[in-house]
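Undergrad:
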Amino acid sequence: MTACTHTRLLFNMRHLIVLLLCVGILNHISEALLMEKLADNKMCGDAECSYVVSMATALDDFIAPDCRFINIKKGQKVYVYSKLVPEEGGGVFWSGSVYSDRYVDQMGIIGYFPAPVVKETHKFREDTVQIPTTVYFL
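Going by full-length UniProt numbering, the first residue of the sequence shown is number 1, and it counts up by one from there.
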């Protein structure tokens with residue numbers, strides 16, 4: 001094998017490795033985008049879901065199964081921002097943020113959690129607005 005042939009072989013192998021890495025990365029990206037939608041509509045205190053609807057206390061621990069959810073520890077206070085309108089055959093999920101002196105690093109992170117994990121202790125807003133969970137910007 002000549003030096004020129006050897007160089008071409010190494011060059012082609014490098015291209016093959018780069019191609020395989022790109023395919024692998026794209027495969028992971030496409031899998032991450034295919035998460036199941038939890039609901040089509042949600043109940044909020046206003047059209048932007050920026051106001052706290054209620055306060056709740058965690059009855060049990062909840063470990064987030066993916067990035068859409070938040071971890072909750074038993075006894076934590078949870079600010080509820082929206083309540084998903086349950087789909088047929090689906091679970092009941094709310095979105096909110098935890099508050100705890102012990103877990104300060106989690107404060108301000110908003111995510112979903114199963115409604116049965118918490119007990120609503122105070123309602124801030126009785127009147128709610130139903131809006132779609134997905135907003136399309138044109």
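We put the CB at the ideal spot given by N, CA and C, even for glycine. Quick caveat, the model's predicted, so the values are computed rather than measured.
Give the secondary structure of Ala56 by DSSP, where H, G and I count as helix, E and B as strand, and everything else as coil.
TA: strand
Undergrad: What are the start and end residues of the beta strand (DSSP E) that includes Phe93?
TA: Phe93 to Tyr99
Undergrad: Flag this pair as yes or no: are the beta carbons of Trp94 and Phe124 separated by less than 8 Å?
TA: No, they are not a contact pair.
Undergrad: So Ile70 and Ala58 are supposed to be a Cβ contact under 8 Å. How far apart are they, rounded?
TA: Not confirmed; about 11 Å, so no contact.
Undergrad: Mind checking whether Tyr99 and Lys77 have CB atoms under 8 Å apart?
TA: yes
Undergrad: What are the boundary residues of the beta strand (DSSP E) that includes Pro132?
TA: Val129 to Pro132
Undergrad: From which residue to which residue does the beta strand (DSSP E) around Asn41 run?
TA: Asn41 to Cys44
Undergrad: Quick check on Ile17: does DSSP put it in helix, strand or coil?
TA: helix
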